[in-house]
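Each remark here refers to the structure printed beneath this line.
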Amino acid sequence: MRVAVQAAVSGLMTSLGYTVIGTLNGDIIVLVKGGDGG
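With the numbering used here, the residue at position 37 of the sequence shown is 43, and numbering never jumps.
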């Protein structure tokens, strides 16, 4: 289930203008705030 949740969160963050650059231990999503989203 964790992968599905992670994918959902990644999609949400992307829609809010964040760029998902990777994960730490497959659990913590690493984000960068982009200037062209939202």
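Positions of the beta carbon are idealized from the N, C-alpha and C atoms, including for glycine. These numbers were taken from a predicted model, which means no experiment stands behind them.
(request) Within the same chain, show all residues whose beta-carbon is closer than 8 Å to that of residue 37, passing over the 5 residues directly before and after it, in chain order. (result) In the sequence shown, residue 37 corresponds to position 31, counting from 1. If we look at residue 37 and ignore the five residues flanking it on each side, its Cβ neighbours are 19, 24, 25, 26 and 27.
(request) Kindly indicate which residue of 22, 31, 30 and 29 has the alpha-carbon position closest to the one of residue 40. (result) Locating residue 40 in the sequence shown gives position 34, where the first residue counts as 1. Distances from the CA of residue 40 to each of 22, 31, 30 and 29 were compared; the closest alpha carbon is that of 22.
(request) Find out if the Cβ-Cβ distance for the pair residue 15, residue 34 is shorter than 8 Å. (result) In the sequence shown, residue 15 corresponds to position 9, counting from 1. In the sequence shown, residue 34 corresponds to position 28, counting from 1. No, they are not a contact pair.
(request) Per DSSP, which residues does residue 30 bridge with? Please list them. (result) Mapped onto the sequence shown, residue 30 falls at position 24. 34, per the DSSP bridge assignment.
(request) Report the rounded CA-to-CA distance for residue 12 versus residue 30, giving the unit in angstroms. (result) Position 6 of the sequence shown, counting from 1, holds the residue named residue 12. Position 24 of the sequence shown, counting from 1, holds the residue named residue 30. Taking the straight line joining both Cα atoms gives about 12 Å.
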